[in-house]
Amino acid sequence: MELLLSIILDVILPVFILIAAGAFLHRTFTFNLGTLSKLLTYLLLPAVAFTNLYESHISSDVLGSIVGFWIIQSLLLIGIVHIVSKIAKFDTGLSATFKNSVVLNNSGNFGLPVSQLIFHSQPIGLSVHIIIMTLQNLLTYTYGLMNSVSGHSTSLKDVLKTFFKIPVIYALLLGLLLNWLNVELPFFLLNPIESIDNAFLAVALITLGAQSAFLKLTELSLPLVLSLIGRLLLSPALALLIIFTFDLEGTVAQALFIASSFPSSRNSAQFALEYDNHPEYAAQAVIVSTLLSSLTVTLIVYLAKVIF
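In our numbering, the protein residues as written are 783 to 1090.
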């Protein structure tokens, strides 16, 4: 019980205080969400990715385990939601949004701050999350985007162009390369990068709160219930099964288990809005899964600490 209370007070409560602050401030002053989004995408996220991979000590075996875990879990989730959408007889647009709401998670401006709080004294845990987050970006701008435009015309070339515009990819590769080559950056470069890294947690959560400030829940529909079950319960259950199957343990197992539990990605709602695939339902899946994650993520973090 003491561990559970500590997780609630030290991890979950700080997260939702900042989210609430963002919602309140946006309702009061009306932030420019586009500017905040660009600040996160083009400055803060790349700095976090670079710093943690540059300073981490992940072996090739561990990296292989992380990638293998992610591939298996993603394929299982994609297969299950495809079957469920067929059984439920969702139309093309609803099916696309439902699949994205389960398969794509908010590993960026929700998951990364949570991981920073959990693994502040265990750098490898945060590095595991950075790798998972980068792989999630790959999934988002391949499977997620193609899924959303399944009823529209697009090309693989356009999808790849979108993906390769994501700066966090290059920050990740640069961090890994400099780490591998044992390059020591001078203080005047490393210090501002680390300062930007330190700013990420607060800005990301305040932005998430601002994005959620005006979302409304009109009804608890079957697709919404299925999205919540898939994202918050099925995903971590599959993760635990894979972790046990491959005999993963320690901080790496904790980080993978926790990373599987985060709520639906904002990108799923953005795609639904852009391609007119039931955008209200997509927005509801994001905000309700984020609110409920205060309970489910608390439980997953507790289980991760106890089991591993």
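Glycine included, every Cβ here is placed at the ideal spot set by N, Cα and C. Keep in mind that this is a model prediction, so the values were computed, not measured.
| Asked | Found |
| --- | --- |
| Between the Cα of S1074 and the Cα atoms of F798, D792 and I789, which residue gives the shortest distance? | Note that residue 1074 corresponds to Leu in the displayed sequence, not to Ser. Closest by alpha carbon: F798. |
| When you compare only the Cα positions, how much space is there between A802 and L963? | 42 Å |
| Here's a check: name, in chain order, each residue in its chain whose Cβ is nearer than 7 Å to the Cβ of S909, leaving out the five neighbours to either side. | N834, L835, S838 and I840 |
| Identify whether S1046 lies in helix, strand or coil by the three-state DSSP scheme. | strand |
| Straight-line CA distance for F970 to E976? | 11 Å |
| Per DSSP, what are the beta-bridge partners of N887 in this structure? | S1046 |
| In terms of alpha-carbon separation, which member of R1048, T922, A981 and I860 lies closest to L826? | A981 |
| How big is the Cα-Cα spacing for L1014 and R1048? | 15 Å |
| Just the Cα atoms here: how many angstroms apart are E1031 and I1025? | 8 Å |
| Quick one: give me the first and last residue of the alpha helix (DSSP H) that M928 is part of. | L927 to S930 |
| Do N929 and N888 have their CB atoms nearer than 8 Å? | no |
| Output the distance between the C-alpha atoms of A953 and Q993, rounded to the nearest integer angstrom. | 25 Å |
| Helix, strand or coil for E966? Go by DSSP, reduced to three states. | coil |
| Going by the C-beta, is T810 closer than 7 Å to any heavy atom of the ligand ZN? | No copy of the ligand ZN occurs in the structure displayed, which carries no ligand at all. |
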